[in-house]
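What follows is a single structure, written as structure tokens, with notes after it.
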Amino acid sequence: MTETRKKIGILTAGGDCPGLNAAIRGVAKTAIVKHDMQVFGISSGFLGLINKDYIELTESSVSGILTLGGTILGTSREKPFKKTGSLSIDKPKLIKEHYKELGLDCLVCIGGNGTQKTAAGLAAEGLNIIGIPKTIDNDVWGTDQTFGFDSALNIATDAIDRLHSTANSHKRIMVIEIMGHNAGWLALYSGLAGGGDVILLPELDYDMDTINNYLLKRAKKKKPYSIVVVAEGIKSPKKRSAASFIAEEIEKGTGIETRKTILGYIQRGGSPTPMDRLLASSYGAFAVELIANNDYGKMVAMVKDSITSILLEDVGGKLRLVPVEHPMLERASGLDICLGGKYK
Ligand code: F6P
180 MTETRKKIGI LTAGGDCPGL NAAIRGVAKT AIVKHDMQVF GISSGFLGLI
230 NKDYIELTES SVSGILTLGG TILGTSREKP FKKTGSLSID KPKLIKEHYK
280 ELGLDCLVCI GGNGTQKTAA GLAAEGLNII GIPKTIDNDV WGTDQTFGFD
330 SALNIATDAI DRLHSTANSH KRIMVIEIMG HNAGWLALYS GLAGGGDVIL
380 LPELDYDMDT INNYLLKRAK KKKPYSIVVV AEGIKSPKKR SAASFIAEEI
430 EKGTGIETRK TILGYIQRGG SPTPMDRLLA SSYGAFAVEL IANNDYGKMV
480 AMVKDSITSI LLEDVGGKLR LVPVEHPMLE RASGLDICLG GKYK
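So the sequence shown is numbered by the numbering used here: it starts at 180 and just counts up by one.
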């Protein structure tokens with residue numbers, strides 16, 4: 180008796196990033212061509228399963244999307260397990276019903292922390308789930324790298340590079356805000372790569388007097404300008420962007436003309452870098468091998484340069500923050516970069 184073809188669903192959830200389409204293509208091509216599986220693309224993250232909004236993906240529907248930014252499936256920040264009121268519909272129940280109605284053997288959830296937490300919840304409710312870690316923040320627990328990070332790092336570093344000439348022309352201090360609501364990976368790596376003089380991370384407290392004295396000392400050494408890189412998630416007064424608050428405090432404390440740039444969503448746009456294309460495609464292909472072996476309830480991960488899988492239940496609700504002993508912090512400090520004054 181011929182074995183029935185496995186049916187898998189793919190969804191992309193949470194903030195978009197370059198590489199999502201490479202991951203979709205990696206899953207779909209490996210599933211269809213190598214394993215003769217059927218693949219369904221689910222629209223707008225978990226919303227698509229709640230609203231039964233999906234289409235069958237074929238080899239041709241994923242042709243030409245490797246280099247495309249964003250996600251052809253669309254995404255949302257829908258959190259099905261989040262109660263929105265006593266009369267709210269039972270979204271996990273709807274998801275389970277529609278998963279069964281579609282006849283899925285597995286659901287591939289491509290996303291960051293929130294997505295993997297929801298995925299773990301659905302796995303606990305009996306669905307066959309595989310998670311693939313993505314986010315420009317690089318803060319998914321259990322994997323050394325998420326795709327999206329390398330592309331955002333290139334964008335943010337290019338932006339910081341561009342600030343040097345204008346800062347030098349005006350003899351100003353330029354403050355740039357980098358995405359990273361909880362973790363400072365993007366700010367730390369782009370700050371180092373872009374020649375930042377001050378780098379502030381959500382993980383490290385900072386002291387304005389220390390920062391201002393450091394900047395005044397640079398001015399006294401006739402340094403014509405300074406570049407300050409701040410993660411959006413650093414401590415700052417409510418309703419104030421990190422960049423606005425820090426720029427104002429610096430200008431007030433040093434008397435040096437200071438300007439701010441909030442890089443925002445540019446960090447999530449455009450075509451993925453070659454590294455992100457490789458990582459996303461590899462994650463997608465590896466996910467399908469797990470499915471072919473009925474090895475569910477796992478998240479694909481990069482651990483010490485090799486692609487593997489970890490238990491999804493170990494990932495949910497955790498964050499991978501910059502540890503205080505991380506070598507990149509040591510390197511920054513060794514390069515006389517100010518990390519806010521409270522480091523070590
Ligand atoms: O999680 C990625 C991210 O870009 C964060 O760095 C940022 O704080 C957040 O998404 C923005 O969320 P949204 O796209 O919902 O505005």
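Virtual Cβ for every residue (Gly too), placed ideally from N, Cα, C.
Rounded straight-line distance, which links the Cα of residue j to that of residue i
i      : j      : result
Ser239 : Thr322 : 31 Å
Gly448 : Tyr475 : 31 Å
Gly373 : Val319 : 24 Å
Thr487 : Gly432 : 49 Å
Ile268 : Val377 : 48 Å
Asp340 : Met358 : 17 Å
Pro271 : Cys288 : 15 Å
Leu365 : Pro502 : 14 Å
Thr440 : Leu236 : 40 Å
Met349 : Ile406 : What sits at residue 349 in the sequence shown is His, not Met. When rounded, the distance between both Cα atoms is 13 Å.
Ser242 : Arg204 : 8 Å
Met387 : Cys196 : 33 Å
Ile187 : Val206 : 9 Å
Val467 : Asn473 : 10 Å
Thr325 : Leu395 : 38 Å
Lys313 : Gly434 : 42 Å
Lys400 : Asn347 : 15 Å
Gly375 : Gly224 : 36 Å
Leu458 : Gln217 : 23 Å
Gly519 : Tyr385 : 4 Å
Glu428 : Ala511 : 23 Å
Thr209 : Glu276 : 27 Å
Ala302 : Gly291 : 16 Å
Ser369 : Leu469 : 34 Å
For residue i, the first and last residue of its enclosing beta strand (DSSP E)
i      : result
Pro312 : Ile308 to Pro312
Gly463 : No beta strand (DSSP E) holds Gly463; the alpha helix (DSSP H) holding it covers Pro453 to Ala471.
Tyr233 : Tyr233 to Leu236
Gly290 : Cys285 to Gly290
Lys477 : Lys477 to Val482
Counted within 10 angstroms of its Cβ, other Cβ atoms place residue i as buried (16 or more) or exposed
i      : result
Pro403 : exposed
Gly300 : buried
Val482 : exposed
Leu226 : buried
Leu490 : exposed
Glu509 : exposed
Asp493 : exposed
Pro381 : buried
Asp329 : buried
Asp316 : buried
Thr183 : exposed
Lys414 : exposed
Glu280 : exposed
Glu504 : exposed
Ser460 : buried
Gly443 : exposed
Reference residue i; option with closest CA among the options
i      : options                           : result
Lys497 : Leu245, Ile229, Gly293 and Lys261 : Gly293
Leu379 : Gly359, Met387 and Val408         : Val408
Lys262 : Asn230, Lys400 and Thr297         : Thr297
Arg397 : Cys517, Ala480 and Ile234         : Cys517
Ile390 : Leu367, Ala426, Lys185 and Pro381 : Ala426
Pro453 : Gly463, Ile211, Gly520 and Asn333 : Asn333
His214 : Leu508, Phe465 and Ala422         : Phe465
Pro249 : Gly363, Ala331, Ile429 and Lys521 : Checking the displayed sequence, the identity of residue 249 turns out to be Gly instead of Pro. Here the closest residue by C-alpha is Ala331.
Asp455 : Leu199, Ile445, Lys185 and Ala480 : Leu199
Met353 : Gly443, Lys417, Glu430 and Leu306 : Glu430
Ser255 : Leu383, Gly282 and Thr191         : Thr191
Pro259 : Lys521, His360 and Ile229         : Ile229
Ala471 : Ala202, Lys414, Ile309 and Leu281 : Ile309
Gly367 : Met507, Lys417, Ile311 and Ala422 : Looking at the sequence provided, one finds Leu at residue 367 rather than Gly. The candidate whose alpha carbon is nearest that of Leu367 is Met507.
Phe219 : Ile244, Thr246 and Lys185         : Lys185
Met478 : Cys285, Thr345, Ala421 and Glu280 : Cys285
Leu283 : Leu500, Pro451, Tyr462 and Ile189 : Ile189
DSSP beta-bridge partners of residue i
i      : result
Phe219 : Gly188 and Glu235
Met353 : Ile406 and Arg438
Thr322 : Per DSSP, none; premise fails for Thr322.
Val377 : Val407 and Cys517
Ser485 : Val482
Leu490 : Lys477
Leu498 : Val319
Run of the alpha helix (DSSP H) containing residue i, from where it starts to where it stops
i      : result
Val206 : Leu199 to Lys208
Thr389 : Met387 to Lys399
Leu228 : Phe225 to Ile229
Leu273 : Lys270 to Leu281
Ser369 : Trp364 to Ala372
Thr433 : Ala421 to Thr433
Minimum Cβ-Cβ distance from residue i to chain B less than 8 Å
i      : result
Lys258 : Given the protein chain composition of this structure (a single chain), no chain B is represented.
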